[in-house]
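Student: Sharing a structure, written as structure tokens. Questions coming.
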Amino acid sequence: MLAKHLARQKKCKLEGRRPSVSVLITTSRQGTNVDENSGFIGDLPLLKRVSAPSDVFCSVPGRLSLLSSTSKYKVTVGEVQRRLSPPECLNASLLGGVLRRAKSKNGGRLLREKLEKIGLNLPAGRRKAANVTLLTSLVEGEAIHLARDFGYVCETEFPARQVAEYLSRQHSSDPTESYRRKELIHATKQVTKELMDLLNQDRSPLCNTRPQHILDPSIQRHLTHFSLISHGFGSPAIVAALTAIQNFLTESLKHLDKMYPSGNSLSVSSSQGLQDTKPKDLGNDLKK
Numbered sequence: 001m002l003a004k005h006l007a008r009q010k011k012c013k014l015e016g017r018r019p020s021v022s023v024l025i026t027t028s029r030q031g032t033n034v035d036e037n038s039g040f041i042g043d044l045p046l047l048k049r050v051s052a053p054s055d056v057f058c059s060v061p062g063r064l065s066l067l068s069s070t071s072k073y074k075v076t077v078g079e080v081q082r083r084l085s086p087p088e089c090l091n092a093s094l095l096g097g098v099l100r101r102a103k104s105k106n107g108g109r110l111l112r113e114k115l116e117k118i119g120l121n122l123p124a125g126r127r128k129a130a131n132v133t134l135l136t137s138l139v140e141g142e143a144i145h146l147a148r149d150f151g152y153v154c155e156t157e158f159p160a161r162q163v164a165e166y167l168s169r170q171h172s173s174d175p176t177e178s179y180r181r182k183e184l185i186h187a188t189k190q191v192t193k194e195l196m197d198l199l200n201q202d203r204s205p206l207c208n209t210r211p212q213h214i215l216d217p218s219i220q221r222h223l224t225h226f227s228l229i230s231h232g233f234g235s236p237a238i239v240a241a242l243t244a245i246q247n248f249l250t251e252s253l254k255h256l257d258k259m260y261p262s263g264n265s266l267s268v269s270s271s272q273g274l275q276d277t278k279p280k281d282l283g284n285d286l287k288k
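This is the structure in structure tokens:
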């Protein structure tokens with residue numbers, strides 16, 4: 001079937017007319033059948049002669065850099081494919097904006113032709129599938145850069161000690177209440193740590209990497225969806241925010257221990273109990 005289709009395309013090209021699209025293409029790389037009569041090239045818009053996902057498609061200037069330090073980010077074929085695939089399914093106009101292509105009369109057609117050369121198909125008149133956010137305009141390299149800088153600011157500039165002391169003073173009138181607050185803080189730290197550990201094991205494809213999965217597919221696919229929507233910004237940004245929360249909780253315990261030294265034994269025993277169990281769980285998870 002594919003050979004007949006290619007022969008028909010060649011004949012139409014010689015005759016100077018467009019070929020019909022009433023043909024079924026089998027996409028061997030993805031193992032899916034794509035019916036072009038539907039006007040939509042499946043969930044993963046790949047043709048048989050696809051380029052390697054790690055190949056560089058183009059380089060684009062960053063949107064968030066200052067003029068004095070403009071950064072350029074490489075966009076791979078794999079990243080372009082992710083933008084054309086669910087959950088976003090960007091159309092030619094939006095993809096052109098992401099790739100910083102100036103609007104022109106034939107801009108959409110030229111972009112589609114360039115995509116076809118590397119084996120990606122972008123149908124004309126396609127509708128996007130997801131809501132557009134500010135993150136939609138960022139290529140993955142810049143989104144990751146933003147998450148990394150946000151993490152640095154959360155780690156170095158968030159006033160964890162000041163906030164902890166301010167809030168702890170409001171709950172320090174009664175020693176019994178303070179001891180109870182310590183237990184709540186220890187429990188919060190454990191749950192927060194579990195979430196951070198999970199997000200740190202996210203192995204969603206980004207830029208030119210496609211790491212091997214660590215997590216169970218039942219949860220990894222949801223994290224991958226989140227990564228695709230946020231262009232890689234999501235999980236690292238949440239880990240950065242949770243790190244700031246962890247620092248706040250640690251400072252809260254320090255402040256309560258200073259105010260009630262007699263409760264140190266309770267605080268230390270609770271903390272030790274968590275430390276005795278948590279590393280073992282993490283070790284088992286990593287071995288799995």
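Taken in order, the sequence shown gives residues 1 to 288; the numbers are from full-length UniProt numbering. Cβ coordinates follow ideal geometry from the N, Cα and C atoms, glycine included.
Pick helix, strand or coil for L138, following the three-state DSSP scheme.
Tutor: Sequence index remark: in the sequence shown, residue 138 carries index 138 (1-based). Here L138 sits in coil by DSSP.
Student: Which of the three DSSP states, helix, strand or coil, is assigned to C154?
Tutor: Taking the sequence shown and counting its residues from 1, the one referred to as residue 154 is at position 154. In this structure, C154 counts as helix in the three-state DSSP scheme.
Student: Tell me, to the nearest whole angstrom, how far the beta carbon of N200 is from that of V239; I am working on the premise that it is less than 8 Å.
Tutor: The residue labelled residue 200 in the question sits at position 200 within the sequence shown. The residue labelled residue 239 in the question sits at position 239 within the sequence shown. Between V239 and N200 the Cβ distance is about 6 Å, and since that is below 8 Å, they are a contact.
Student: Which residue wins for smallest C-alpha separation from P205, given the options E251, L95, Q81 and G119?
Tutor: Taking the sequence shown and counting its residues from 1, the one referred to as residue 205 is at position 205. Of the candidates E251, L95, Q81 and G119, the one whose C-alpha sits nearest the C-alpha of P205 is Q81.
Student: How about F248 and A187: are their beta carbons less than 8 Å apart?
Tutor: Counting from one through the sequence shown, the residue named residue 248 turns up at place 248. Counting from one through the sequence shown, the residue named residue 187 turns up at place 187. Cβ atoms of F248 and A187: not closer than 8 Å.
Student: Looking at the unbroken alpha helix (DSSP H) that takes in V98, where does it start and where does it end?
Tutor: Walking along the sequence shown from the start, residue 98 turns up at place 98. Its alpha helix (DSSP H) spans residues A92 to V98.
Student: Classify S28 as buried or exposed, calling it buried when 16 or more other Cβ atoms lie within 10 Å of its own Cβ.
Tutor: Taking the first residue of the sequence shown as position 1, residue 28 is located at position 28. Note that S28 scores a pLDDT of 33, beneath 50, so its modelled location is shaky; the value from the coordinates is reported in the next line. With fewer than 16 Cβ atoms within 10 Å of its Cβ, S28 is classed as exposed.
Student: I need the boundaries of the beta strand (DSSP E) containing P61, first residue and last residue.
Tutor: Against the sequence shown, residue 61 aligns to sequence position 61. P61 -> beta strand (DSSP E) spans V56 to P61.
Student: Check the DSSP bridge columns for L206 and list the partner residues they point to.
Tutor: Walking along the sequence shown from the start, residue 206 turns up at place 206. Paired residues: T209.
Student: If we ignore side chains and look at the alpha-carbon of each, how far apart do T209 and S51 end up?
Tutor: In the sequence shown, residue 209 corresponds to position 209, counting from 1. In the sequence shown, residue 51 corresponds to position 51, counting from 1. Computed Cα separation, rounded: 15 Å.
Student: Can you name, in chain order, every residue of its own chain whose Cβ lies under 7 Å from the Cβ of R83, other than the five neighbours on each side?
Tutor: Residue numbering aside, residue 83 sits at position 83 when the sequence shown is read from its first letter. Result list for R83: L90, L95 and V98, in chain order.
Student: Out of K105, C207, I229 and K193, point me to the one whose CA is closest to A244's CA.
Tutor: Taking the sequence shown and counting its residues from 1, one reaches residue 244 at position 244. The shortest Cα separation from A244 among K105, C207, I229 and K193 belongs to K193.
Student: If you draw a straight line from the alpha carbon of R181 to that of T250, how long is it in whole angstroms?
Tutor: Start at 1 with the first residue of the sequence shown, and residue 181 comes out as number 181. Start at 1 with the first residue of the sequence shown, and residue 250 comes out as number 250. For R181 and T250, the distance between alpha carbons rounds to 13 Å.
Student: At which residues does the beta strand (DSSP E) containing V75 begin and terminate?
Tutor: Stepping through the sequence shown from its first residue, residue 75 is reached at position 75. Per DSSP, the continuous beta strand (DSSP E) segment holding V75 begins and ends at K72 to T76.
Student: Secondary structure at L120, three-state DSSP: helix, strand or coil?
Tutor: For the purposes of this step, residue 120 is identified with residue 120 of the sequence shown, where counting begins at 1. Reduced to three states, the DSSP call for L120 is strand.
Student: Pick from M196, L228 and H222: whose alpha carbon is nearest that of C207?
Tutor: Taking the sequence shown and counting its residues from 1, the one referred to as residue 207 is at position 207. Closest by alpha carbon: L228.
Student: Evaluate contact between the stretch 141–148 and the stretch 228–237, counting only Cβ atoms and requiring at least three cross-stretch pairs below 8 Å.
Tutor: yes
Student: Please report how far the alpha carbon of A260 lies from the alpha carbon of P175, in whole angstroms.
Tutor: Counting from one through the sequence shown, the residue named residue 260 turns up at place 260. Counting from one through the sequence shown, the residue named residue 175 turns up at place 175. Checking the displayed sequence, the identity of residue 260 turns out to be Tyr instead of Ala. In a straight line, the C-alpha of Y260 is about 7 Å away from that of P175.
Student: Is R29 helix, strand or coil when you go by DSSP?
Tutor: By one-based count along the sequence shown, residue 29 stands at place 29. Only weak support is given to the placement of R29: the predicted model assigns it a pLDDT of 34, under 50, and the question is left unresolved by the model.
Student: Would you please state the rounded distance, in angstroms, between the beta carbons of S252 and S168? I believe it to be under 8 Å.
Tutor: Along the sequence shown, one-based indexing puts residue 252 at 252. Along the sequence shown, one-based indexing puts residue 168 at 168. Between S168 and S252 the Cβ distance is about 5 Å, and since that is below 8 Å, they are a contact.
Student: I'd like to know whether the C-beta atoms of V132 and Y73 end up nearer to each other than 8 Å.
Tutor: Taking the first residue of the sequence shown as position 1, residue 132 is located at position 132. Taking the first residue of the sequence shown as position 1, residue 73 is located at position 73. Result no, Cβ atoms of V132 and Y73 do not sit closer than 8 Å.
Student: Got a sec, what are the start and stop residues for the alpha helix (DSSP H) F233 sits in?
Tutor: Here residue 233 is taken as the residue at index 233 of the sequence shown, counted from 1. F233 -> no alpha helix (DSSP H), and no H or E assigned at all.
Student: Under the rule that 16 or more other beta-carbon atoms within 10 Å means buried, what is G125, buried or exposed?
Tutor: Residue mapping note: residue 125 aligns to position 125 of the sequence shown, counting from 1. It is exposed - the Cβ of G125 has fewer than 16 other Cβ atoms within 10 Å.
Student: For a quick check, are the C-beta atoms of L242 and L198 less than 8 Å apart?
Tutor: As a position in the sequence shown, residue 242 is number 242, starting the count at 1. As a position in the sequence shown, residue 198 is number 198, starting the count at 1. No, the Cβ-Cβ distance between L242 and L198 is not below 8 Å.
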